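What follows is a single structure, written as structure tokens, with notes after it.
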Amino acid sequence: AQSVTQLGSHVSVSEGALVLLRCNYSSSVPPYLFWYVQYPNQGLQLLLKYTTGATLVKGINGFEAEFKKSETSFHLTKPSAHMSDAAEYFCAVSTNRDDKIIFGKGTRLHILP
Amino acid sequence: EPEVTQTPSHQVTQMGQEVILRCVPISNHLYFYWYRQILGQKVEFLVSFYNNEISEKSEIFDDQFSVERPDGSNFTLKIRSTKLEDSAMYFCASSSTRGGETQYFGPGTRLLVL
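Residue numbers (the working numbering), protein chains in the order written: chain E, -14 to 98; chain L, 75 to 188.
Encoded structure:
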């Protein structure tokens, strides 16, 4: 079975600072990994995903994540935070054998002016 | 860009009433899903549907829930007798392939059971 752990339910960074949201996963088979963003009162938007190939994945809005198998991690980063990045971020895992996506509990990102 | 749509955006119902949440998946997609998110909690898988039958369901998806694709375009989630704890945001998703390839999520229906 797959699972996802997101460290930190709330993260605050200053505008212009580095964003780092941590995600560790557990999977008995090669995982597919995702980051979704949810703005207040809105649905889920895919930021980026890893399935196979290059382990550094670039997504929308300047975000990227690196799949590190040895660390079972898929941390999300952005070099310079913007006020518009304030939202809830969900790490998620699936596989090519599963129908479902398993989500982490989410990290709420606060941007300080 | 094609997108998944859901109606209604908000629904308020009395406990014990039946509700039907509707979704229009992306037109060439074959796999359909429902997830829910109780306020302040994580998104949870409910059910997946392919070839007019349920392919997987979670333990949340008990006999009070059912899904249907009545007309080849809509995909519905029915809750037969709503409980207070069914209050949540319900997301529909669809995908063109099986497995964890990208599922496209709709904007959600916020259900409030009083």
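We put the beta carbon where it would ideally sit given N, CA and C, even for glycine. The structure displayed is predicted, hence computed values, not measured ones.
With 16 other Cβ atoms within 10 Å as the buried cut-off, status of residue i
i: LEU158 of chain L; result: exposed
i: THR40 of chain E; result: exposed
i: THR156 of chain L; result: buried
i: GLY90 of chain L; result: exposed
i: MET163 of chain L; result: buried
i: VAL22 of chain E; result: buried
i: THR183 of chain L; result: buried
i: TYR178 of chain L; result: buried
i: ALA66 of chain E; result: buried
Chain E contact residues for residue i, given Cβ-Cβ distances below 8 Å
i: ARG110 of chain L; result: Here the premise fails: no neighbours, minimum Cβ distance about 11 Å.
i: GLU127 of chain L; result: Simply none; closest approach about 12 Å.
i: PRO181 of chain L; result: GLN27 and GLY28
Under the three-state DSSP convention, the category residue i falls into
i: ILE86 of chain E; result: coil
i: ASN125 of chain L; result: coil
i: MET89 of chain L; result: coil
i: ILE45 of chain E; result: helix
Closer than 7 Å at the beta carbon, the chain L residues around residue i
i: LYS116 of chain E; result: Nothing about residue 116 of chain E can be reported from this structure: the residues present for chain E run from -14 to 98 only.
i: LEU31 of chain E; result: THR176
Amino acids of chain E, ordered along the chain, whose beta-carbon sits closer than 7 Å to that of residue i
i: GLU75 of chain L; result: Correct list: empty, because the minimum Cβ distance to chain E is about 12 Å.
i: ARG172 of chain L; result: ASP84
i: GLU142 of chain L; result: Correct list: empty, because the minimum Cβ distance to chain E is about 17 Å.
i: SER122 of chain L; result: ASP84 and LYS85
Contact list for residue i against chain L, beta-carbon separation under 9 Å
i: PHE75 of chain E; result: LYS116 and VAL117
Residue i at chain L interface by Cβ criterion, 9 Å
i: LYS43 of chain E; result: no
i: ARG89 of chain E; result: Arg is not the amino acid found at residue 89 of chain E; the sequence shown has Gly there. At least one chain L Cβ lies under 9 Å of GLY89 of chain E.
i: TYR10 of chain E; result: no
i: PHE52 of chain E; result: no
i: PHE59 of chain E; result: no
i: PHE48 of chain E; result: no
Residue-level contact to chain E via CB, residue i, 9 Å cutoff
i: PHE36 of chain L; result: Only positions 75 to 188 of chain L appear in this structure, which leaves residue 36 of chain L out of reach.
i: GLU92 of chain L; result: no
Per-residue contacts from residue i into chain E (C-beta, under 9 Å)
i: GLU133 of chain L; result: Here the premise fails: no neighbours, minimum Cβ distance about 12 Å.
i: GLU130 of chain L; result: ASP83, ASP84 and LYS85
Q: Report yes or no: do three or more beta-carbon pairs, one from the stretch 79 to 87 of chain L and one from the stretch 118 to 137 of chain L, lie closer than 8 Å?
A: no
Q: Spell out a yes or no on whether the stretch 166 to 181 of chain L and the stretch 99 to 111 of chain L are touching, meaning 3 or more CB-CB pairs, one atom from each, closer than 8 Å.
A: yes
Q) Counting pairs of Cβ atoms below 8 Å between the stretch -2 to 9 of chain E and the stretch 82 to 95 of chain E, do you hit three or more? A) With a cut-off of 8 Å on Cβ pairs, the stretch -2 to 9 of chain E is in contact with the stretch 82 to 95 of chain E, counting three or more such pairs.
Q.
With a threshold of 8 Å, are at least 3 pairs of Cβ atoms found where one atom belongs to the stretch 7 to 21 of chain E and the other to the stretch 72 to 82 of chain E?
A. yes
Q | Three-pair Cβ contact test at 8 Å for the stretch 86 to 100 of chain L versus the stretch 44 to 60 of chain E | A | no
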